[in-house]
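Read through the structure below, which is laid out as structure tokens, and then see the notes.
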Amino acid sequence: MTDIRLSRRRLLQTSAALGLAGSLPWGTGTASASSPDLKKFVQPLPIPSVREPDGRRKGAAYYEIPLREFEQQVHPDLPPTTFWGFDGTVPGPIIKARRNERIKLRFDNSELPSDHLFEVDERVGGTSPEDYDDYDGPVPEVRTVVHQHGLNVEWQSDGQAAAWTSPDGVTGPRFEKHVHDLPNRQSRMTATYHDHALGISRLNNYAGLSGFYIIESPREKRLNLPSGEYDVPLLLQDKTFEADGSLHYPDEFVANFAGDTAFVNGAVWPYMEVEPRRYRFRLVNQSNGRTFDLALASDYGDGHEDHEADVPLLYQFAPDQGFLEDIVSIGPGSDLDSLVLAPFERAEVVVDFAGHAGETFTVTNSAEFPFTGGRDVDGGHGGHDSDTESDTHLGEIMQFRVTEPGYEVTDDSAHPRTLELPTQPGPNPRAAKETRHMTLGMRMQNGLRTHVLNGKTFDAEGVDAKPQLGTTEVWELENNSMHTHPIHLHLVTFRVIGRGPGGMAAPHPNERGPKDVVRVNPGETVRIAVQFGDFTGTYPWHCHILEHEDQSMMRPFEVVAGNADGRNRDEGSEVGGGDGTRGEPSTGV
Ligand code: C2O
Ligand code: CU
Ligand code: CU
17 MTDIRLSRRR LLQTSAALGL AGSLPWGTGT ASASSPDLKK FVQPLPIPSV REPDGRRKGA
77 AYYEIPLREF EQQVHPDLPP TTFWGFDGTV PGPIIKARRN ERIKLRFDNS ELPSDHLFEV
137 DERVGGTSPE DYDDYDGPVP EVRTVVHQHG LNVEWQSDGQ AAAWTSPDGV TGPRFEKHVH
197 DLPNRQSRMT ATYHDHALGI SRLNNYAGLS GFYIIESPRE KRLNLPSGEY DVPLLLQDKT
257 FEADGSLHYP DEFVANFAGD TAFVNGAVWP YMEVEPRRYR FRLVNQSNGR TFDLALASDY
317 GDGHEDHEAD VPLLYQFAPD QGFLEDIVSI GPGSDLDSLV LAPFERAEVV VDFAGHAGET
377 FTVTNSAEFP FTGGRDVDGG HGGHDSDTES DTHLGEIMQF RVTEPGYEVT DDSAHPRTLE
437 LPTQPGPNPR AAKETRHMTL GMRMQNGLRT HVLNGKTFDA EGVDAKPQLG TTEVWELENN
497 SMHTHPIHLH LVTFRVIGRG PGGMAAPHPN ERGPKDVVRV NPGETVRIAV QFGDFTGTYP
557 WHCHILEHED QSMMRPFEVV AGNADGRNRD EGSEVGGGDG TRGEPSTGV
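Using our numbering, count along the sequence shown one by one with no gaps and you end on 605.
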């Protein structure tokens with residue numbers, strides 16, 4: 017442990033003793049640290065590689081991915097940083113599956129150390145045995161469980177919060193199996209696999225435990241989108257570094273944490289050289305808590321950025337999963353000015369750099385932190401409701417430099433305006449069997465700013481809903497708190513049918529398609545239509561701000577087998593005890 021850490025901790029202890037920590041208005045924690053000055057756009061964007069299977073098992077491709085502690089240099093002027101990552105890289109390798117092709121995936125954390133990279137605040141739920149009523153074994157400081165976000169899988173393969181394992185083999189109460197069985201019977205998507213361990217998921221993800229999970233489909237291929245080196249995944253994160261290169265994360269729990277440095281595909285403020293042609297970008301916000309509001313700006317190299325100049329538009333064709341109903345153009349004078357992505361939301365876009373040879377574009381971010389649905393108007397020094405001395409604004413993310421090749425660039429990918437997107441009808445809200453009103457709130461508990469769903473913490477008894485397998489429900493998500501919450505349901509995709517006060521305003525144009533994370537702003541009710549398939553069993557719904565999820569904005573719902581009048585009765589399931597059975601095969605694109 018370095019002196020810096022010790023003195024910071026002493027400072028925290030002192031301020032806690034004086035009652036200062038508890039008086040921070042929103043528990044906002046960039047804490048006192050800020051990264052050393054690091055020059056922007058001096059290193060090329062790394063592209064994660066696609067992981068090869070380690071063999072086959074029962075007719076499926078089998079992957080065995082170790083979790084390791086390792087060092088990686090993320091900026092030329094920063095000493096190497098210690099991370100935890102899949103296969104020893106940050107981000108992890110890309111897991112690429114084909115639609116309807118089953119894979120089997122095992123994550124092995126036995127090589128991780130037994131001490132965490134960060135301080136574990138044991139006031140947070142799920143960090144000690146007393147927090148569990150169905151378990152009285154040890155709760156090791158280091159424990160992980162990997163969730164494949166967006167996948168429609170049996171609960172035993174879902175990587176749920178209490179299904180953690182420790183490096184020396186202790187298993188949490190929900191643990192069932194090491195090898196996850198992933199049928200990929202769903203629409204194409206770009207998503208991530210990431211840690212989900214109860215009470216410390218924010219620490220494990222921040223340490224580096226995330227990577228892309230991609231499902232490809234034949235219909236997607238036929239669209240003739242830019243491919244190969246012109247198909248670029250972008251994992252967007254924010255981090256804070258100490259001068260010695262180590263990651264900074266607050267020792268004491270904070271409900272809102274933002275890093276002061278952009279971190280894309282494992283590099284600090286990278287640039288990418290692009291040809292004057294079309295590219296496909298797969299954008300994933302994998303920050304703990306920061307929402308991005310992204311746009312392209314012309315960069316004239318004199319510190320002056322211009323959003324109104326002739327910048328290429330982003331043509332968004334996919335939301336979290338599948339495809340949008342219609343292409344949405346993003347940029348000056350278009351359908352949307354900018355692209356808002358809350359943690360774990362995704363967007364896939366085509367950008368045409370033709371006609372821009374020799375120009376430079378910066379990806380800018382104008383979202384306030386903590387996010388409430390708006391822009392950062394005052395430049396973000398400290399944010400509008402934060403009293404930390406740190407600058408929570410992160411205005412620039414990365415840069416694109418368009419090359420001037422001395423030859424004719426050929427581009428036979430489809431023009432985004434001509435794309436005919438293969439959409440599928442979403443669940444029909446008029447066929448909903450049930451409308452459930454759910455609330456998002458905040459209260460103080462244990463001295464911690466605690467976010468809750470339906471007024472309940474994660475450990476409260478019972479489940480919030482028991483939807484019947486195959487049926488559609490409307491959930492009304494009413495936000496009574498001060499901040500935006502990106503709400504995620506495991507197992508399913510849903511359609512946003514209304515937002516705004518009372519849920520009566522139209523969804524944003526780029527929300528018209530299959531989603532699995534939806535932003536709910538303060539004072540707003542977001543209505544979603546969800547069809548519950550293909551499996552019965554208990555799954556969580558939660559806020560995807562990891563600090564909120566850890567304390568304690570996550571609740572279970574249980575999909576139960578249909579009764580005699582259930583529309584899509586599942587043959588093989590037993591009522592109540594049918595965990596893990598399969599319903600109708602899913603349709604998808
Ligand atoms: Cu991205 Cu519960 O997960
Ligand atoms: Cu998920
Ligand atoms: Cu939240």
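Idealized CB from N, CA, C, for every residue including glycine.
DSSP, read as helix, strand or coil, puts Ala-447 in helix. Where Pro-109 is concerned, the enclosing beta strand (DSSP E) starts and stops at 108-114. Within the chosen limit of 7 angstroms, ligand 2 does not reach the beta carbon of Gly-374 with any heavy atom.
For Tyr-78, the uninterrupted beta strand (DSSP E) segment begins and ends at 76-88. Within 7 angstroms of the C-beta of Gly-166 there is at least one heavy atom belonging to ligand 2. Following the DSSP letters along the chain, one finds His-210 inside the beta strand (DSSP E) bounded by residues 205-211.
Looking at the DSSP output, Gly-71 sits in a beta bridge with Tyr-78. Ranked by Cα distance from Glu-127, the first of Phe-86, Ser-314, Ala-178 is Phe-86. In summary, Arg-238 is exposed, with fewer than 16 beta-carbon neighbours lying within 10 Å of its beta-carbon over all protein chains present. The beta carbon of Leu-198 sits closer than 8 angstroms to the beta carbons of Ala-113, Arg-118, Ile-119, Lys-120, Leu-121, Gln-164, Leu-167, Val-169, Ser-173 from its chain, once the five residues preceding and following it are set aside; these are given in chain order. When only Cα atoms are considered, Pro-242 and Val-367 end up about 10 angstroms apart. If you check the CB distance, Thr-388 and His-499 come in under 8 angstroms. Per DSSP, Leu-133 lies in no beta strand (DSSP E) and is assigned neither H nor E. For Tyr-287, the pairing in a beta bridge is given by DSSP as Pro-60, Gln-415.
Set against 7 angstroms, the gap from the CB of His-506 to the closest heavy atom of ligand 2 is smaller.
Taking C-alpha positions only, Glu-384 is separated from His-409 by approximately 7 angstroms. Within 7 angstroms of the C-beta of His-163 there is at least one heavy atom belonging to ligand 2.
Looking at the DSSP output, Ile-230 sits in a beta bridge with Lys-112, Thr-206.
Across the set Asn-526, Thr-487, Leu-355, the C-alpha of Leu-355 shows the shortest separation from the C-alpha of Thr-307.
DSSP places Leu-128 outside both helix and strand once states are collapsed to three, so it counts as coil.
If you draw a 10 Å sphere on the C-beta of Asn-200, you find 16 or more other C-beta atoms in it, and that means buried. At least one heavy atom of ligand 1 lies less than 7 angstroms from the C-beta of Pro-556. For Met-288, the CB stays at least 7 angstroms from every heavy atom of ligand 3. Assignment of Glu-321 by DSSP, reduced to helix, strand and coil, places it in the strand class.
Between the segment 220-232 and the segment 85-100, the count of Cβ pairs shorter than 8 angstroms is three or higher; the stretches touch.
Short of 7 angstroms from the beta carbon of Val-106, and not among the five residues preceding or following it, lie these beta carbons of its own chain, in chain order: Gln-88, Phe-99, Gly-224, Gly-282. Taking the Cα positions, Asp-351 is about 38 angstroms away from His-264. When distances are taken from the beta-carbon of His-210 to the heavy atoms of ligand 1, the shortest one is below 7 angstroms. Straight across, the Cα-Cα distance linking Glu-364 with Glu-146 is about 43 angstroms.
Taken in chain order, the complete beta strand (DSSP E) segments of 3 residues or longer contained in the segment 460-498 are 464-469, 488-495.
Taking the Cα of Pro-189 as reference, the smallest distance to any Cα among Leu-219, Tyr-151, Asp-260 is reached at Tyr-151. Just so you know, the alpha carbons of Ser-182 and Asp-131 end up roughly 11 angstroms apart. For Asp-276, the CB contacts under 6 angstroms within the same chain, skipping 5 residues up- and downstream, are Ser-50, Ser-51, Thr-256 in chain order.
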